[in-house]
Amino acid sequence: MSRTVIPFGPQHPVLPEPIHLDLVVEDEKVIEARPSIGFVHRGLEKLVEKKDYVEFVYVAERICGICSFIHGQTYCQAIETIMDVQVPPRALYLRTVWGELSRIHSHLLWLGLMADAMGFESLFMHSWRVRERILNIVEATTGGRVIFSSCKIGGVRRDIEAEAITGILKEINEIEKDMRDVCKVFLDDSSAKARLCGVGVISKTDAYDLGCVGPMLRASGVSQDMRRLGYAAFMDIPVEPVTRSEGDCYARCAVRCEELLQSVRIIRTALAKIPAGEIAVKVTGNPNGETIARTEQPRGEVVYHIKANATKNLQRFRVRTPTFANLPAMLSILPGCELADVPIIVLTIDPCISCTER
Amino acid sequence: MSYFTMSKLALKWAFTKPVTTRYPFEPRQELAGSRGWLVFTDENCAYCNVCAKKCPTGAIVVNRAEKTLAIDHLSCITCGCCVEVCPKDSLGLIPSHGHSQVTKDHEVFQKTGKAST
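Chains A and B, in that order, are what the protein sequence lines are. Position in the first sequence (first residue = 1) + 1223 = my numbering. Position in the second sequence (first residue = 1) + 106 = my numbering.
Now the structure itself:
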C-alpha cells in the first residue's frame, strides 16, 4: 500500500503550542512520526549572561506560561542551595500552596484542551470555568494570573493573611465539588471513554526506559513523584504518587483528574499547618558553585543545572523540562495508531513546547 | 461506564446564573491584590534612581537633574520590584487592568506631578 506523509502542525487546531510532526501513513494507520521542534526557541538560557542572578527569576518564570511559578521556585531553590540560604518555613509553605494552585490550573487547562481535542466543546468550557476560579485565587494572593512573580531568592514576595486563608479554604471546597463533576464526565462518560481507553498504550518498562516523567510515567504504573524529595513544605506534607497501570490515554487522564483532588488536599493541609513568621530573608553576595535542583511540575520532573562563579551573572544555566523527557515516548506510541487518535496521543503527554525549546 | 453524565452537568448549569459577566455593561470586578498598572506619585520622590537600577526590564528612566521619571509601560512587566525597593514609597501598583498603551512613548512625570508622553 502506498504511503503518504501528512504534516501535523506546527499550526493545528488541537495544538496549543507549535510542534511539527511528519506523519507517515498507510491508509489511516500511522507508520512513522518524524518530529521537528524549534519554532519558539528564545535563547533564555543564554540570557544569564545579560541578566544578573536576582533579575533572572523573572526570566526563569517566563520559560513557561503555565508552570511559571514552579520554574521560578526551582530556580530560587537552586540559587538558595548554592548560597546556603535558609528560607523561612512560612515562605516554604506559601511556595507549596502556590505550586499546587499552579498544578490545578495546569491540569484543568489540559483537561479542557483534551475535551476540545475530542470535540467535546461543552466539557472544555466547563473545565475552564472551574480553572477561572483558581486563577482568581492566584490573582488575589500573588497579583498575577499566570506569571505569579511571587517567588524570590530567599523566600516569597507576598504573604497570605489569615482572613484570606479562610476565604481560600472556603473557595477551594466549592472548587473541589466542581472539579469532581467535571472529572466524573472525563472518567465515566461513555463517549469520553470510547476516545481514550486503549489508545496510545505504553508499558511500564517502556515508559521507564524511554525516560518518561510525571503523569505520563505514573499512568504506566511507575510510582515516581519529585515532591517526595521533600522540597518546600513537602518535608512535612507526605505525597503518595497517583498511579494507574493501564498506560493508555484514559490512564493519563485519570491520573491528572486524581492529582487535582490530591493538590486540593495538599493545599488544605499546607494552609492548616502554615507556621507564622517571616516570609523572606535578605540575600547578599554572589553565588559561587554548581548545583542541580529537581521539582515536580504539573507535567513532570524539571531539572535545573546552575553553575556560578562568584559574579552577579551565572556562568551556566540549563533546564531539562518534562515535555522534552516525554517526547521520545510519544514518538514511540504514535506508530500503529489511527490518524484520528494522533491529536489525543499528542495531547496526553501535555506538550509544553515553550518549556522544551526555551 | 455511565451515560448522560455531561447532560446532567449541562442541565445543572442551565439553571444557574452565568459565570461570565455582561461586559461592557458590567465591568470586571478588580481584585485588591492584583498587579495591574504601575503608577508614580512624586510627592516624596528623591529621584535616587534605585527603581531604574533594579527594574529587570529597564522600563524606568530617572533624570535626577531635571527631576523627571519616565515609565515605559510596554516594557514594564508589573513585577513590583521597583515598588519594593523604593525608599520613599513613590511608586505603586494599582489593581486596574483597564489602561492601554498603544504607542512606544514613555510616560514622563515632571516634578509638578503632571504626566506627559
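The beta carbon of each residue, even a glycine, is placed where N, CA and C say it ideally should be. Predicted, not measured: the structure shown is a model, and the values here were computed from it.
Specify the secondary structure class of residue i as computed by DSSP and reduced to three states.
{"i": "residue 1523 of chain A", "result": "strand"}
{"i": "residue 1530 of chain A", "result": "strand"}
{"i": "residue 188 of chain B", "result": "helix"}
{"i": "residue 1308 of chain A", "result": "coil"}
{"i": "residue 199 of chain B", "result": "strand"}
{"i": "residue 1497 of chain A", "result": "coil"}
{"i": "residue 1442 of chain A", "result": "coil"}
{"i": "residue 152 of chain B", "result": "coil"}
{"i": "residue 1489 of chain A", "result": "helix"}
{"i": "residue 1468 of chain A", "result": "coil"}
{"i": "residue 1509 of chain A", "result": "coil"}
{"i": "residue 1330 of chain A", "result": "helix"}
{"i": "residue 1453 of chain A", "result": "coil"}
{"i": "residue 1367 of chain A", "result": "coil"}
{"i": "residue 1349 of chain A", "result": "helix"}
{"i": "residue 1581 of chain A", "result": "coil"}
{"i": "residue 1265 of chain A", "result": "coil"}
{"i": "residue 163 of chain B", "result": "coil"}
{"i": "residue 1342 of chain A", "result": "coil"}
{"i": "residue 1458 of chain A", "result": "helix"}
So, for residue i: in the same chain, excluding its five sequence neighbours on each side, which residues have a beta-carbon less than 8 Å away from its beta-carbon?
{"i": "residue 1367 of chain A", "result": "1361 and 1373"}
{"i": "residue 1382 of chain A", "result": "1313, 1317 and 1502"}
{"i": "residue 1328 of chain A", "result": "1289, 1354, 1357, 1358 and 1361"}
Give me, in chain order, the residues of the same chain whose beta-carbon lies closer than 7 Å to that of residue i; leave out the 5 immediate sequence neighbours on both sides.
{"i": "residue 167 of chain B", "result": "158, 176 and 212"}
{"i": "residue 186 of chain B", "result": "141 and 199"}
{"i": "residue 1475 of chain A", "result": "1438, 1439, 1442 and 1571"}
{"i": "residue 1336 of chain A", "result": "1239 and 1570"}
{"i": "residue 160 of chain B", "result": "187, 188 and 191"}
{"i": "residue 1270 of chain A", "result": "1282"}
Name the DSSP beta bridge partners of residue i, please?
{"i": "residue 1233 of chain A", "result": "Paired residues: none, contrary to the question."}
{"i": "residue 1480 of chain A", "result": "Its beta-bridge partners do not exist; DSSP assigns none."}
{"i": "residue 1540 of chain A", "result": "A/1529"}
{"i": "residue 1173 of chain A", "result": "Only positions 1224 to 1581 of chain A appear in the structure, and residue 1173 of chain A is not among them; the question remains open."}
{"i": "residue 1412 of chain A", "result": "B/108"}
{"i": "residue 1374 of chain A", "result": "A/1379"}
{"i": "residue 175 of chain B", "result": "B/168 and B/215"}
{"i": "residue 1514 of chain A", "result": "A/1529"}
{"i": "residue 1252 of chain A", "result": "A/1249 and A/1561"}
{"i": "residue 1503 of chain A", "result": "A/1378"}
Can you give me the Cβ contacts of residue i inside the same chain, cut-off strictly under 6 Å, excluding the 5 residues immediately before and after it?
{"i": "residue 1315 of chain A", "result": "1455 and 1456"}
{"i": "residue 1226 of chain A", "result": "1247 and 1249"}
{"i": "residue 1363 of chain A", "result": "none"}
{"i": "residue 1331 of chain A", "result": "1350, 1353 and 1354"}
{"i": "residue 155 of chain B", "result": "168"}
Within 8 Å of any Cβ in chain E, is that where the Cβ of residue i sits?
{"i": "residue 176 of chain B", "result": "Checking the listed chains, one finds no chain E in this structure; the protein chains it contains are A and B."}
Exercise for the section: Return the chain-ordered ranges of every beta strand (DSSP E) run that is complete within the region 115-146 of chain B and spans a minimum of 3 residues. Expected result: If we require 3 residues or more, the beta strand (DSSP E) runs fully inside the region 115-146 of chain B come out as 143-146.
Handout entry: chain B contacts from the region 1404-1434 of chain A (Cβ-Cβ distance under 7 Å)
Key = Residues of the region 1404-1434 of chain A with a C-beta less than 7 Å from any C-beta of chain B: 1404, 1407, 1408, 1411, 1412, 1413 and 1416, listed in chain order.
Practice task
Can you give me, in chain order, the residues of the region 155-174 of chain B that have a beta carbon less than 7 Å from any beta carbon in chain A?
Solution key: Per Cβ criterion, the list reads 162.
Handout entry: Contact set between the region 1468-1482 of chain A and chain B, restricted to residues whose Cβ is under 8 Å from the partner
Key = Listed by position along the chain: nothing, the set is empty.
Handout entry: Whole runs of the alpha helix (DSSP H) within the region 1270-1308 of chain A, excluding any shorter than 4 residues
Key = As far as the region 1270-1308 of chain A is concerned, its whole alpha helix (DSSP H) runs of at least 4 residues are 1279-1284 and 1291-1306.
Exercise for the section: Pick out the complete beta strand (DSSP E) segments inside the region 1391-1438 of chain A, 3 residues or longer, and give them in chain order. Expected result: When DSSP assignments are scanned along the region 1391-1438 of chain A, no uninterrupted stretch of beta strand (DSSP E) that is 3 or more residues long falls wholly within it.
Problem - Residues of the region 183-209 of chain B with Cβ closer than 9 Å to any Cβ of chain A, in chain order - result: For the region 183-209 of chain B, which is checked against every Cβ of chain A, the residues closer than 9 Å are 183, 184, 185, 186, 187, 190, 199 and 201.
Problem - Residues from the region 113-142 of chain B in contact with chain A, defined by Cβ distance under 8 Å - result: Going along the region 113-142 of chain B in chain order, one finds 115, 116, 118, 119, 125, 137, 138, 139, 140 and 141 with a Cβ nearer than 8 Å to chain A.
Practice task
Pull out every residue of the region 1338-1372 of chain A whose Cβ sits closer than 9 Å to any Cβ of chain B, in chain order.
Solution key: Only 1343, 1345, 1346, 1349, 1352, 1355, 1356, 1359, 1362, 1363, 1364, 1365, 1366, 1367, 1368, 1370 and 1372 from the region 1338-1372 of chain A bring a Cβ to less than 9 Å from some Cβ of chain B.
Practice task
Taking only beta carbons into account, state which residues of the region 1275-1307 of chain A come closer than 7 Å to chain B, listed in chain order.
Solution key: Residues 1278 and 1281.
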